[in-house]
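Here the structure is laid out as structure tokens; the discussion comes afterwards.
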Ligand SMILES: [Fe+2]
């Protein structure tokens, strides 16, 4: 499997590019608007065809690039069925499967951070892309966007901690430089939600966090409900944004832009 963990330094967001080596089909999980050019260039360099731009949930801290990736590359946008996203191509139900080339991701509904959160599980590779429901030694907040601490507790305990112990956990963020974990590691060291804690203790801890209001929330949530494609008025204010692959290649002064542009992925 082709695997690239990508990082957005402003929001400490991880995006994941997964590719099937033989067919060159790929998916990108939790893209970030500001990293659109980086991701288009990488897809080109690795000669991958983006089949799906997937979301683990409607993010409050950054705007997704999914809609623009669809415009530029013709991929499908896939989100959890309960996410509320209005212009996705595929609404993913619990137990659904996302196929790209010869690989597949199983969709596991893991509400609690938002009610539409899903985890993508690659059973063959032993990997789970958890978004914000399970972070390394922590978990996503539960104080807005239909957040529900008891529900998150149940999602982690019954849907994620029941995966094989050596399953790798690939989270949506990390703020301390950690890049991955495993189910066994989180059962042992995730003090918020370890098997020693009960649901009432967890709810109490989450209630006491007193976190700041996310800086980008008022922009990010409405935009992400439309796959990151903001309203016409906002587009006009920003000026026309280039979204084609050709524009991205030119913008970065790639000498081989013409060759790339002529090459249809
Ligand atoms: Fe989130």
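In the working numbering, the protein residues as written are 806 to 1070.
We treat Cβ as the ideally placed atom computed from N, Cα and C, and that holds for glycine.
All values derive from a computational prediction rather than experimental measurement.
* Quick one: is the Cβ of residue 899 within less than 7 Å of any heavy atom of ligand 1? -> Checking the Cβ of residue 899 against ligand 1 gives no.
Pull up the distance between the alpha-carbon of residue 959 and that of residue 854, whole angstroms please.
Within the model, the alpha-carbon separation for residue 959 versus residue 854 is close to 36 Å.
Q.
Comparing C-alpha positions only, which one of 875, 841, 835 sits nearest to residue 923?
A. Looking from the CA of residue 923, the closest CA among 875, 841, 835 belongs to 835.
- Message: Taking the alpha carbon of residue 1082 as the reference point, which residue from 934, 886, 871 has its own alpha carbon closest?
- Response: Outside the shown range of the chain, which is 806 to 1070, sits residue 1082, and nothing can be said about it.
- Query: What's the gap between the Cα of residue 941 and the Cα of residue 1027?
  - Reply: Cα to Cα, the separation comes out at about 27 Å.
Leaving out the 5 sequence neighbours to the left and right, which residues in its chain are closer than 8 Å to residue 1038 when beta-carbon positions are compared?
-> Only weak support is given to the placement of residue 1038: the predicted model assigns it a pLDDT of 49, under 50, and the question is left unresolved by the model.
Query raised in the report: residue 867 bridges to which residues according to DSSP?
Result: In the DSSP assignment, no residue is bridged to residue 867.
Would you say residue 912 and residue 896 are within 8 Å of each other, going by their C-beta atoms? Taking 8 Å as the Cβ cut-off, residue 912 and residue 896 do not qualify as a contacting pair.
(request) Only counting runs of 4 or more residues, tell me where the alpha helix (DSSP H) segments fall wholly within the segment 838-907, in order along the chain. (result) Counting whole runs of 4 or more residues, the segment 838-907 contains the alpha helix (DSSP H) stretches 841-850, 871-878.
Tell whether a beta-carbon distance below 8 Å holds between residue 970 and residue 988. Yes, the Cβ-Cβ distance between residue 970 and residue 988 is below 8 Å.
### Task
Can you tell me which of 1033, 816, 956 puts its alpha carbon nearest to the alpha carbon of residue 1005?
For residue 1005, the nearest C-alpha among the options comes from 956.
- Message: Can you confirm whether the segment 977-992 touches the segment 1015-1035 when touching is taken to mean that 3 or more C-beta pairs between the two stretches lie within less than 8 Å?
- Response: Three or more beta-carbon pairs separated by less than 8 Å are not found between the segment 1015-1035 and the segment 977-992, which leaves the two stretches without contact.
- Message: Need the endpoints of the beta strand (DSSP E) that residue 820 sits in, please.
- Response: 818-824 is the span of the beta strand (DSSP E), which, as asked, contains residue 820.
Check your understanding: For the beta strand (DSSP E) that contains residue 993, what are its first and last residues?
Key -> No beta strand (DSSP E) contains residue 993, which is instead part of the alpha helix (DSSP H) from 988-994.
Contact shell at 6 Å, judged by CB to any heavy atom of ligand 1, ordered along the chain: Chain-ordered list of matching residues: 862, 864, 865, 918, 937, 945.
Residue 974 classed as buried or exposed, judged by whether at least 16 other C-beta atoms fall within 10 angstroms: Counting other Cβ atoms within 10 Å of its Cβ, residue 974 reaches 16 or more and is therefore classed as buried.
Grab me the residues of residue 1070's own chain with a C-beta within less than 6 Å of its C-beta, minus the 5 sequence neighbours each way, in chain order.
Reliability of the predicted coordinates at residue 1070 is poor, the pLDDT of 48 falling under 50, and no value is obtained from them.
Problem - Simplified DSSP state of residue 815, which is helix, strand or coil - result: It is coil, neither helix nor strand.
Margin query: I need the straight-line Cα distance from residue 831 to residue 837, nearest angstrom please.
Written below: Taking the Cα positions, residue 831 is about 17 Å away from residue 837.
Q | Endpoints, alpha helix (DSSP H) assigned at residue 927 | A | Unbroken run through residue 927 is the beta strand (DSSP E), 923-927; no alpha helix (DSSP H).
Near residue 899, what residues of its chain come up, given a Cβ to Cβ distance below 7 Å and the 5 sequence neighbours on each side ignored?
The answer, listed in chain order, is 912, 913, 914.
Considering only residues of the same chain and omitting the five flanking positions on each side of residue 1007, which have a CB-CB separation below 7 Å?
Here the set comprises 954, 958, 997, 998.
query: Which whole-angstrom value is the C-beta distance of residue 872 and residue 936, which I expect to be below 8 Å?
result: About 18 Å; that fails the 8 Å criterion.
Grouping DSSP H, G and I as helix and E and B as strand, with all else coil, what is residue 1044? Note that residue 1044 has pLDDT 49, beneath the 50 cutoff, so the model's placement of it is unreliable and the number below is only indicative. Residue 1044 carries a coil assignment under DSSP once its states are collapsed to helix, strand and coil.
Next item on the list: Work out the CA separation of residue 939 and residue 1019 for me, nearest whole Å.
Entry: Distance between the alpha carbons of residue 1019 and residue 939: 19 Å.
When the Cα atoms are used, what is the spatial distance from residue 880 to residue 858? Distance between the alpha carbons of residue 880 and residue 858: 7 Å.
- residue 1048 to residue 876, Cα distance in whole Å? Roughly 7 Å between the two C-alpha positions.
Check: Do you know offhand how far residue 947's Cα is from residue 1009's?
Finding: Distance between the alpha carbons of residue 947 and residue 1009: 12 Å.
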